[in-house]
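Those sequence lines, one after another, are chains S and Y. Position in the first sequence (from 1) plus 687 gives the number in the numbering used here. Position in the second sequence (from 1) plus 687 gives the number in the numbering used here.
Protein chains: 2
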Amino acid sequence: MKELIDLINKAHSIVILTHYSLDGDALGSSLGLALALDYIGKEVTVFLNESIPKSLEFLPGRNLISSNCDKNADLAISLDNSDLKRLGDGADIYAGAKKKINIDHHTTNSMEANSLWIDQNASATGEMVYKLIKAMGIPVSKDIAECLYTAIITDTGGFRYSNTTPDSHIISAELIKCGIPFARIAKKVFDIVSHSKMSLLKKTIQNLTLYCEGKVAVSWLLYDDIYPVNAQSDDYEGLVNVGINLEGVEVSLFIREEEPGRFKGSLRANDYVDVAKIAGKFSGGGHIRAAGFTAAGNPDDIIRRVLDEIKKEL
Amino acid sequence: MKELIDLINKAHSIVILTHYSLDGDALGSSLGLALALDYIGKEVTVFLNESIPKSLEFLPGRNLISSNCDKNADLAISLDNSDLKRLGDGADIYAGAKKKINIDHHTTNSMEANSLWIDQNASATGEMVYKLIKAMGIPVSKDIAECLYTAIITDTGGFRYSNTTPDSHIISAELIKCGIPFARIAKKVFDIVSHSKMSLLKKTIQNLTLYCEGKVAVSWLLYDDIYPVNAQSDDYEGLVNVGINLEGVEVSLFIREEEPGRFKGSLRANDYVDVAKIAGKFSGGGHIRAAGFTAAGNPDDIIRRVLDEIKKEL
């Protein structure tokens, strides 16, 4: 940490970079750190590969985002990113910087840097940025707190995922003491549903079918359901949970037709079925209670074949 | 607190009572305290007016629940309850006890007791019970931690409601250090959907209709939707949020036909509309962004009349 703070103190121009497919931890930790470095007089910019997702448009510090970042900055700080490729166009900016810092909480990290700080126990990079800002003696403003709180709730699913730690709560206690509108933030991050997602959710619930005395839930979306609503990639998030959260269900299967005749399948289990094993039968994989696969053909046939494998494990 | 601990220390037989229409804070704080008092050798029972809701059946300490509680206990402790009537059949047990303690976090409380501890700033009674157990020097076991964590997440909506305090997080940090399966608890408390609720949700989404360029969302359930699925009272919870959470919506109206021809209406607003004022036009009331009313007649007519009032406020 001392080495890292030294590098920051010696730099004047600093560029903050994060992974593409922006999420609340990537953007929240980037803007939170940028606001802190701006406060102590650094010439700091944040580089993004894409526009800000609607659900995160409320974050403060957006004025520090620049598409025209210094390609020879004194220091580049990569946040929440485990792989140079995932910096997208930011990879060149990282490469061109005189010094490099890498702060991340992922379990594998292949980034090279003058100073690396990887904490696999941190539930969010936002927690690490909080500790860094405190260690540098920079006051945590309300704006910084909003950014870091958003980072933490995103990566912990609002303190519900098993990666949540006592530190996630202790830091959040400090952040909400700054007077942030945490209830509104949670609403924006978790509750707001886009029109396209509502269409997909409606169809998913309509199609929901139970098998094996209600222990298996199956649902699907066809290309004709998805195409007309101009669905975004995050609209599919959680649709497999419609089935897994239904009372009495042990396994949920959800398939969606990405391209005509090509399906992406998601499998979830609650307590005892190994869905990674089932996904493996279709050249897929994943975790024991959350796995996925792809398959070509017609949906009835794919569902029937997966159901046959699920039945063997029930 | 000292007075309260003295009363507990002097008692041998203790009955714990809470309000009917059990929720996670009422039951979690009751079982958590019962487990702690059992640990220090008290003869403790918990009296309930009803069976445990399915979503809370996982809570430890259920062996301390008794329908045959001591009617002349040395001490009765009322938890999370603001009104003697809400103790149901427990009111007699409370009246018959030699000494009485009342611990609650509601803003109004009309209970009489030898020792009263009301903390309106506590987000859950579970937080107060945690402080009491710590002050008594009783170790917080994993079972106790599960009960109190459930209490806190219930009353804070998983740390998302505006009543959440830094203490809610600090205490939760201590509770999860006990090794409780907090992710599974959150899933049971928040995610599991009953079959009847899924039917109502499906119909609510199907009926969802937008007005005023998408600023107003309206949905409804008719008696014929509700009656066949044997809906429970908590199945309606959150159905008004289907509309209010849709992108771009400012006001959500949801009506359900409780009895043929009799409707219960819920109104929600996001940012600027005063829905208490609108509900007032129909002899209802509530808060500025969450209100309700009842109305008789046909649904189209009721919706049209409420829409007319909403339009005036947009």
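For glycine and all other residues, C-beta sits at the position ideal for the given N, C-alpha and C.
Residue i, DSSP secondary structure in three states
i              : result
residue 891/Y  : helix
residue 704/S  : strand
residue 941/S  : strand
residue 814/S  : helix
residue 976/Y  : coil
residue 880/S  : strand
residue 1002/S : Nothing about residue 1002/S can be read from this structure; chain S reaches only from 688 to 1001.
residue 718/S  : helix
residue 745/S  : coil
residue 921/Y  : helix
residue 909/S  : coil
residue 765/S  : strand
residue 903/Y  : strand
residue 750/S  : helix
residue 802/S  : strand
residue 734/S  : strand
residue 847/S  : coil
residue 808/S  : coil
residue 987/Y  : helix
residue 778/Y  : helix
Length of the line joining the Cα atoms of residue i and residue j
i             : j             : result
residue 732/Y : residue 960/Y : 48 Å
residue 693/S : residue 851/S : 30 Å
residue 894/Y : residue 745/Y : 35 Å
residue 880/S : residue 772/Y : 41 Å
residue 696/Y : residue 828/Y : 20 Å
residue 836/Y : residue 848/S : 15 Å
residue 896/Y : residue 965/S : 40 Å
residue 888/S : residue 845/Y : 23 Å
residue 763/S : residue 916/S : 40 Å
residue 993/S : residue 903/S : 11 Å
residue 962/S : residue 940/S : 10 Å
residue 907/Y : residue 878/Y : 23 Å
residue 872/S : residue 793/S : 24 Å
residue 918/Y : residue 735/Y : 23 Å
residue 776/S : residue 752/S : 14 Å
residue 785/S : residue 770/S : 19 Å
residue 930/S : residue 942/S : 12 Å
residue 754/Y : residue 729/Y : 18 Å
Nearest to residue i (by Cα), restricted to the options the options
i              : options                       : result
residue 952/Y  : 739/Y, 823/Y and 928/Y        : 928/Y
residue 910/S  : 896/S, 823/S, 891/S and 902/S : 891/S
residue 716/S  : 922/S, 831/S and 875/S        : 831/S
residue 782/S  : 756/S, 864/S and 794/S        : 756/S
residue 722/S  : 987/S, 934/S and 826/S        : 826/S
residue 883/Y  : 899/S, 702/S and 933/S        : 933/S
residue 801/Y  : 861/Y, 765/Y and 857/Y        : 765/Y
residue 774/S  : 713/S, 956/S and 833/S        : 713/S
residue 742/Y  : 887/Y, 886/Y and 921/Y        : 921/Y
residue 720/Y  : 820/Y, 784/Y, 810/Y and 779/Y : 820/Y
residue 875/S  : 718/S, 725/S and 740/S        : 740/S
residue 726/S  : 812/S, 810/S, 823/S and 786/S : 823/S
residue 945/Y  : 873/Y, 703/Y and 913/Y        : 913/Y
residue 926/S  : 971/S, 885/S, 860/S and 808/S : 885/S
residue 900/Y  : 734/Y, 935/Y and 753/Y        : 935/Y
residue 809/Y  : 735/Y, 868/Y and 855/Y        : 855/Y
residue 1000/S : 987/S, 957/S and 980/S        : 957/S
residue 998/Y  : 905/Y, 986/Y, 984/Y and 970/Y : 905/Y
residue 779/Y  : 970/Y, 758/Y and 770/Y        : 758/Y
residue 857/Y  : 817/Y, 803/Y, 691/Y and 689/Y : 817/Y
Cβ separation of residue i and residue j, assumed to be a contact under 8 Å, to the nearest whole Å
i             : j             : result
residue 968/S : residue 937/S : At roughly 18 Å, the Cβ-Cβ gap does not stay under 8 Å, so residue 968/S and residue 937/S are not in contact.
residue 768/S : residue 706/S : 4 Å
residue 788/Y : residue 796/Y : Actually they do not touch by this definition, with Cβ atoms about 13 Å apart.
residue 698/Y : residue 761/Y : 4 Å
residue 814/Y : residue 839/Y : 6 Å
residue 975/S : residue 950/S : So it is not a contact: roughly 22 Å between Cβ atoms.
residue 955/Y : residue 982/Y : Actually they do not touch by this definition, with Cβ atoms about 17 Å apart.
residue 834/S : residue 718/S : 5 Å
residue 748/Y : residue 841/Y : The pair is not a contact, with the Cβ atoms about 16 Å apart (cut-off 8 Å).
Neighbour flag for residue i against chain B, beta carbons, 7 Å
i             : result
residue 853/Y : No chain B is present in this structure, whose protein chains are S and Y.
* Any residues in the segment 875–900 of chain S with a beta carbon nearer than 8 Å to a beta carbon of chain Y? Which ones, in chain order? -> The residues in question are 877, 878, 879, 880, 881, 882, 885, 888, 889, 892, 893 and 895.
* Asked: When you check each C-beta in the segment 700–732 of chain S against every C-beta of chain Y, which residues fall closer than 8 Å?
  -> none
* What residues in the segment 800–811 of chain S have a beta carbon less than 9 Å from any beta carbon of chain Y? -> none
* To do: With 8 Å as the limit, tell me which residues of the segment 965–984 of chain S have their beta carbon closer than that to any beta carbon of chain Y; keep them in chain order.
  => none
* Residues from the segment 833–849 of chain S in contact with chain Y, defined by Cβ distance under 9 Å -> 840, 844, 845, 846, 847, 848 and 849
* the segment 934–967 of chain S: positions lying closer than 7 Å to chain Y by Cβ -> 934
* Contact list for the segment 743–757 of chain S against chain Y, Cβ threshold 9 Å -> none
* Asked: Using a beta-carbon distance cut-off of less than 7 Å, what residues from the segment 821–833 of chain S approach chain Y?
  -> none
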